[in-house]
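Novice:
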Amino acid sequence: MSDMRAIADRVEIEALRGEITDAVMMRDFDRVASLFTPEGAVRWPHIGKEFAGRAEIRRGVEWGQGLWEFFVQNVHPGVIRLDGDTATGRAYIQEFGRFHDGGSHLNYAIYHDRYQRTPDGWKFTERVYEVRYGDSSPLAGSPAPAAV
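What follows is the structure, given as structure tokens:
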């Protein structure tokens with residue numbers, strides 16, 4: 001593989017990671033699902049949830065986002081290791097928000113990712129969420145009023 005191909009692959013995988021964050025934050029669940037291979041999976045072991053296949057991933061992410069009054073996810077890029085048409089990587093996450101039941105949540109976590117090159121570009125084959133720190137203290141702030 002040429003150095004230019006490796007650079008392009010890294011840029012495309014980073015764009016994929018940015019795309020999924022945007023899709024989650026914008027609650028575009030069809031777009032979230034489209035970023036996975038047909039047999040892809042999302043695993044949230046901290047709450048005992050797994051979603052396999054695009055339809056299940058879509059339903060699972062929609063269910064998870066439906067729990068929140070508001071939700072913010074910040075992502076910091078981590079390592080990407082290329083291996084031909086597959087790759088692995090990590091993304092470092094900070095999430096916070098308030099649930100509809102009034103409970104608050106803040107966490108720091110890692111997504112352990114697997115990627116596959118497809119005819120439609122790089123896609124996720126697996127995302128495993130590992131929470132490293134959680135805090136349920138009430139959040140001091142509140143969401144901004146909706147734009148008119």
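For the sequence shown, full-length UniProt numbering assigns the number 1 to the initial residue and increments by one for each residue that follows. Even glycine gets a Cβ: it sits at the ideal position worked out from N, Cα and C.
Do the CB positions of Ala23 and Val32 come within less than 7 Å of each other?
Specialist: yes
Novice: Would you mind reading off the limits of the beta strand (DSSP E) that contains Ile57?
Specialist: Not the beta strand (DSSP E): Ile57 falls in the alpha helix (DSSP H), residues Arg54 to Gly66.
Novice: Here's the rule: buried if 16 or more other CB atoms are within 10 angstroms of the residue's CB, otherwise exposed. What is Val125?
Specialist: According to the sequence as given, residue 125 is Thr; it is not Val. By the neighbour-count rule (16 or more Cβ atoms within 10 Å), Thr125 is buried.
Novice: Which residues mark the beginning and the end of the alpha helix (DSSP H) in which Arg17 is found?
Specialist: Where Arg17 is concerned, the enclosing alpha helix (DSSP H) stretches over Asp3 to Met25.
Novice: Tell me the rounded alpha-carbon separation between Pro138 and Ile93.
Specialist: Answer to the nearest angstrom: the Cα atoms are 20 Å apart.
Novice: Determine the burial state of Ile7: buried for a count of at least 16 other Cβ atoms within 10 Å of its Cβ, exposed for fewer.
Specialist: The residue in question, Ile7, is exposed, as its Cβ has fewer than 16 Cβ neighbours within 10 Å.
Novice: Helix, strand or coil, according to DSSP, for Ala144 in the structure here?
Specialist: Three-state DSSP puts Ala144 in coil, outside helix and strand.
Novice: Rounded to whole angstroms, what is the Cα-Cα separation between residue 149 and Ala91?
Specialist: Lying outside 1 to 148, the shown extent of the chain, residue 149 is not represented and no answer is given.
Novice: Does the stretch 95–108 come close enough to the stretch 64–71 to have 3 or more Cβ pairs within less than 8 Å?
Specialist: yes
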